[in-house]
Amino acid sequence: MLEEIFQRWELAFNEINLPESYKTAAVTFKYTTGYGFDIEDYDDAKLISRSPLTDHHENDRHYTLYGFREDGLPCYFSNSMFEGFFSYSADCVESIEFNINTHVPSKIKRILFKDGKKIALDALAINGGASMLHGMSIAGTIERVKNNPHNFFARAERYGYINGRIEKAICERSYAGMTRSTFEKKYYYDANDVLDEIKVFDSTTYISYVRLPDNYDKETILENLAQGLAKTVVEKLVTEKIDLPLATVELNYRYADNYFPIIATKSKHFKDTVVKNGSNIASEMFCSMSNLIEIEIGEIERAFVQFEQIMKKTDDHNLGAKMLRRVACILTQSKLLDKIPVSEEFIAYAIDHSIEGHEDEDLHEILLECGLAQKTLQSWIDNGWFDIEKPF
Numbered sequence: 000m001l002e003e004i005f006q007r008w009e010l011a012f013n014e015i016n017l018p019e020s021y022k023t024a025a026v027t028f029k030y031t032t033g034y035g036f037d038i039e040d041y042d043d044a045k046l047i048s049r050s051p052l053t054d055h056h057e058n059d060r061h062y063t064l065y066g067f068r069e070d071g072l073p074c075y076f077s078n079s080m081f082e083g084f085f086s087y088s089a090d091c092v093e094s095i096e097f098n099i100n101t102h103v104p105s106k107i108k109r110i111l112f113k114d115g116k117k118i119a120l121d122a123l124a125i126n127g128g129a130s131m132l133h134g135m136s137i138a139g140t141i142e143r144v145k146n147n148p149h150n151f152f153a154r155a156e157r158y159g160y161i162n163g164r165i166e167k168a169i170c171e172r173s174y175a176g177m178t179r180s181t182f183e184k185k186y187y188y189d190a191n192d193v194l195d196e197i198k199v200f201d202s203t204t205y206i207s208y209v210r211l212p213d214n215y216d217k218e219t220i221l222e223n224l225a226q227g228l229a230k231t232v233v234e235k236l237v238t239e240k241i242d243l244p245l246a247t248v249e250l251n252y253r254y255a256d257n258y259f260p261i262i263a264t265k266s267k268h269f270k271d272t273v274v275k276n277g278s279n280i281a282s283e284m285f286c287s288m289s290n291l292i293e294i295e296i297g298e299i300e301r302a303f304v305q306f307e308q309i310m311k312k313t314d315d316h317n318l319g320a321k322m323l324r325r326v327a328c329i330l331t332q333s334k335l336l337d338k339i340p341v342s343e344e345f346i347a348y349a350i351d352h353s354i355e356g357h358e359d360e361d362l363h364e365i366l367l368e369c370g371l372a373q374k375t376l377q378s379w380i381d382n383g384w385f386d387i388e389k390p391f
């Protein structure tokens, strides 16, 4: 199946000049931060933006310009690095993006239709946005990409229908060096024949889609998930052989990638030893991971998938960090739901070490947001415990 999207990608090298014609055909233009539209959202001849559209942009922020046809569908897009177009027909809806500097098609996504039914989805993205593919012929570029699976992310889905609705999909993927794999998706509907859930049957089974309630409130969904995840964390810690009482619990995540946390703990004994030895407590306690514990998603899986869909729908990854800070605050203020011994100054906190907590003030803000008392933080500052060691 993946061969079909590679064939389309090779043809796209001859379409590098097409975006300009789609720009000329646009009748209105709008801006959005990041990327606003994804072909996968195409439904009933409509495509809704995931980000707010504006008439102007702020020069200090990453933005994308979109051009729209008379029927309101986007047909052109560009930003500082990429330019591309959307095309629509009865048989295919497609988006193609080109790297402006290398003139290489950097992303292609398409949905194929037959008799009005979606029968296939194909997607290909070149690693690094094709920015490293300089100075080669088209044939050389194609050979380099196709011969090294680390150079691309590709997936394909083929849909099977029963009684007029999708019941399953046969899928294939190859992601940046991972072994090419084939797996299956199954679609589940409610009593009104509305799609309610999609499950993936791969090496493991997991939910990839859950229908959002009508008129949902994202803050309510965030709070419910935070409460459930806090309970899940505590239930896991109860079963672990860890040094008690605990001084810290870290919820480690990756921004815009994975918001299901890995737990790291440090005990009161460890903290006391750090203080006694005169070591840097900020770096030892909050900037290094140890005693890593993975948790199972269990009964909160549906709620977690719903929340991920809200982040995707709103293009707001800050919601994920906000949710995990809320989990940490619940754990801090309840002292791990009063189920595990903790120290008097116990703190649970959520952090992505790659982008956060590298400066004292940033780490202070994170800890306060996660429920640390201001007077406790001030006493730690007065004791000289915050002077984060560099470099990271």
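Numbering (numbering that gives the first Met the number 0), first residue to last: 0 to 391. Backbone N, C-alpha and C define an ideal beta-carbon position, used for all residues, glycine too.
Residue pairing of Pro104 in beta bridges, as defined by DSSP: Phe97.
Between Ile107 and Arg253, the gap from beta carbon to beta carbon reaches 8 Å or more.
Look at Pro51 here: in three-state DSSP terms it is coil, with no helix or strand label.
Check the Cα spacing between Lys185 and each of Ser207, Thr178, Glu166: the tightest is with Glu166. For Phe36, the three-state secondary structure derived from DSSP is coil. Counting along the chain, Tyr21 sits inside the alpha helix (DSSP H) bounded by residues 17-24.
For the pair Arg157 and Asn150, the CB atoms are not nearer than the 8 Å cut-off. Partner residues in the beta bridge of Tyr62, as assigned by DSSP, are Thr32. DSSP, read as helix, strand or coil, puts Val193 in coil.
DSSP places Cys328 inside the alpha helix (DSSP H), whose first and last residues are 317-332. In the assembly as shown, Gln377 is an exposed residue. Its beta-carbon has fewer than 16 other beta-carbons within 10 Å. In this structure, the CA atom of Lys116 is about 13 Å from the CA atom of Ser88. Look at Thr27 here: in three-state DSSP terms it is strand. Remark: three or more beta-carbon pairs, one from each stretch, lie closer than 8 Å, so the stretch 301-321 and the stretch 213-230 are flagged as touching. Leaving aside the five residues that flank Ala327 on each side, the residues in its chain whose CB is nearer than 6 Å to its CB run, in chain order, Leu250, Ala347, Tyr348, Ala349, Cys369. Residue range 217-238 is occupied by the alpha helix (DSSP H) that includes Ala229.
In the DSSP annotation of this structure, Ser88 is not part of any alpha helix (DSSP H), being labelled neither H nor E. Taking a C-beta distance under 8 Å as the contact criterion, Leu46 and Leu72 qualify as a contact pair. Using a 10 angstroms sphere on the CB of Tyr160, the tally of other CB atoms stays under 16, which defines it as exposed.
Nearest in C-alpha terms to Asp271, of all of Phe345, Gly297, Met288, Ala229, is Phe345. Counted as a single uninterrupted DSSP element, the stretch harbouring Lys45 is not any alpha helix (DSSP H), since DSSP gives it neither H nor E. Here DSSP, grouped into helix, strand and coil, assigns Asn251 to strand. Partner residues in the beta bridge of Cys170, as assigned by DSSP, are Glu156, Phe182.
Asn98 counts as buried, since at least 16 other C-beta atoms from the protein chains shown sit within 10 angstroms of its C-beta. When secondary structure is reduced to three states using DSSP, Ala129 falls in the helix class. Inside the stretch 347-372, DSSP marks whole alpha helix (DSSP H) runs of 4 or more residues at positions 359-368, from first to last along the chain. Judged by beta-carbon spacing, Ser180 lies beyond the 8 Å limit of Leu245, meaning their Cβ atoms are not closer than that value. Here the C-alpha atom of Leu330 lies approximately 6 Å from the C-alpha atom of Leu336.
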